[in-house]
Structure formats: C-alpha cells, structure tokens
Amino acid sequence: VRFQCKDTLARYLEEQLAELGTQYDHDWFLDLLDLSRDFKKDEEPWNEELFTPVVADRIKQALMECKVLDPAVGSGAYLLGMLTEMLRLRQLCHMVRAKEFVDRGSTKFYEWKRDIIRNSLYGVDINPQAVSICHLRLWLAMIVDQDRDAASPLPNLDFQVTTGDSLRDSIGGHRIFVPPGQKGQATLWAKT
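Each residue of the sequence shown is one higher than the one before, starting from 2 at the first, in my numbering.
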C-alpha cells in the first residue's frame, strides 16, 4: 500500500508541477516521500535551489486540489496510506516556507489531517461493515492528534466513504452513470 501511495502521489505531483521544469520528476518526489530521511534533524535535507518556497506553495496547492478515490475501499488501508503521504508533504512544505517543523499532536497537524480527510479522501465499498470500519479508522486517525482540551466534533464521513457497487456504477441503489442511449446525467439526489 505504501509503495502504491508514494508512486501515485509522486506521479500526480509530477504532472501538476510539470511547468516548473523537468528537474521535478517522479524520482524527486519519491525522494521527498522517503520516510527514512529525518528532515527535522538533517542540516540540509534537500536541495534548497530546487525546493523553494514557490515550489512548496505549488505542492501545497496541488495537495489541496487532489482527490483520491478507492473504489474498493475495504477497511481503508489505501486512504490511510495516502493520508500519511499527504501529511508528510504538508510538513515539508511548511518547513520550507515557515522554517519550522510541525509535529504530530499539534493543532496545525490535526487541522491538516482533518482537511485532507474531509476534502481529499473518498472511498466506496459494497460491504457496509467494511465502510463502517473505514469510517472508524479515519476517525481514530484524527483523534490521535486532537487536543483533548479543545476537542471538536468529528466530521461526518458518510459522503467521503460510502456503501456502493463500483462495478455496477451505483451508490445506495442509485445509478451514477447514464445508461447507454439515455440523455442527461443521473445524480444521487434525483430521487428523494
């Protein structure tokens, strides 16, 4: 799962930052996502001529626009893997721009995690129990970094991860795509 998440995210960012030059290639992003490097302690963990505040802003913007869908989400391993990789990049971008490392457990780290889960991670599974387990795992991932004294309600994840059949193009019994020969686009809210 970790390999798939790193590879997919690196390819996505390579496409999003293509106009900045060929030096920002797949391997460069894979190097940033290398968890064996301790960016917090290294004196010069990256090439400062390449990883500038402008590049950090572009990566941050690309991450904010990124939408990840797992069409067979199961217990959510892929979504949690993407959450880890996206958080890693947010930490690095913040470090390049603000010259400070944001640790797990901080309010800012929790806000990043909440925003990624709420705006970037989506999943569908035919098994309602798997969807419930995925919800639970995402909520637990958020709770770990939430400040107990300033706890806020957890977001409703029903629209992020839902029960449906990705192979038959339906969610909650409603067809998502228009059958061949029909005009218009069906929506989940067409039947109330």
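Even for Gly, the Cβ is constructed at its ideal location relative to N, Cα and C.
Quantities reported herein were computed from a predicted structural model and do not represent experimental measurements.
Could you check what DSSP says for L70 in three-state terms: helix, strand or coil?
-> L70: strand per DSSP, three-state reduction.
By a C-beta neighbour count over all protein chains shown, 10 Å radius and 16 as the cutoff for buried, is L10 buried or exposed?
-> By the neighbour-count rule (16 or more Cβ atoms within 10 Å), L10 is buried.
Expected contact under 8 Å - CB spacing of I134 and S76 to nearest Å | The distance from the Cβ of I134 to that of S76 is about 5 Å, consistent with a contact at the 8 Å cut-off.
Under a Cβ-count criterion, where at least 16 other Cβ atoms within 10 Å of its own Cβ denotes burial, should L14 be classed as buried or exposed?
-> The residue in question, L14, is buried, as its Cβ has 16 or more Cβ neighbours within 10 Å.
Can you grab the Cα-Cα spacing for the pair C94 / D35, in whole Å?
-> For C94 and D35, the distance between alpha carbons rounds to 14 Å.
Please confirm if the stretch 115-132 is in contact with the stretch 153-163, defined as three or more CB-CB distances below 8 Å between the two stretches.
-> These segments touch.
By DSSP, does D159 sit in helix, in strand, or in coil?
-> Of the three classes helix, strand and coil, the one that applies to D159 here is coil, per DSSP.
When burial is assigned at 16 or more other CB atoms within 10 Å of the CB, is D58 buried or exposed?
-> Burial state of D58 is exposed, judged by a 10 Å Cβ sphere holding fewer than 16 other Cβ atoms.
Between R3 and G106, which are expected to be in contact by the criterion C-beta below 8 Å, what is the C-beta distance as a whole number of angstroms?
-> A Cβ-Cβ separation of about 22 Å leaves R3 out of contact with G106 under the 8 Å criterion.
To the nearest angstrom, how far is it from the Cα of T23 to the Cα of Q17?
-> Taking the straight line from one Cα to the other gives about 12 Å.
Got a sec? Which residues, its chain only, sit under 7 Å from D8 by beta carbon, not counting five neighbours each side?
-> Excluding positions up to five away in sequence, the list is empty.
Can you tell which of L168, Y111 and E66 has the C-alpha that lies nearest to the C-alpha of T85?
-> Each of L168, Y111 and E66 was checked against the Cα of T85, and the nearest Cα belongs to Y111.
By the 10 Å Cβ neighbour count, where 16 or more other Cβ atoms means buried, how is F30 classified, buried or exposed?
-> Per the 10 Å Cβ criterion, buried.
Alpha carbon to alpha carbon, what distance is there between M143 and R149?
-> Going by the C-alpha atoms only, they are around 12 Å apart.
Local Cβ density within 10 Å of M65, reported as buried at 16 or more and exposed below that = M65 is classed as exposed because its beta carbon has fewer than 16 other beta carbons within 10 Å across all chains shown.
Within the stretch 75-140, note down every full beta strand (DSSP E) run reaching 3 residues or more, in order along the chain.
-> Uninterrupted beta strand (DSSP E) stretches at least 3 residues long and entirely within the stretch 75-140 occur at 122-126, given in chain order.
From the DSSP output, read off the bridge partner residues of T164.
-> DSSP lists D126 as partners of T164.
According to the neighbour-count rule (16 or more other Cβ atoms, all chains shown, within 10 Å of its Cβ), is H136 buried or exposed?
-> Of the residues assessed, H136 falls on the buried side of the cut-off, its CB having 16 or more other CB atoms within 10 angstroms.
Could you have a look at P154 and say whether DSSP puts it in helix, strand or coil?
-> Of the three classes helix, strand and coil, the one that applies to P154 here is coil, per DSSP.
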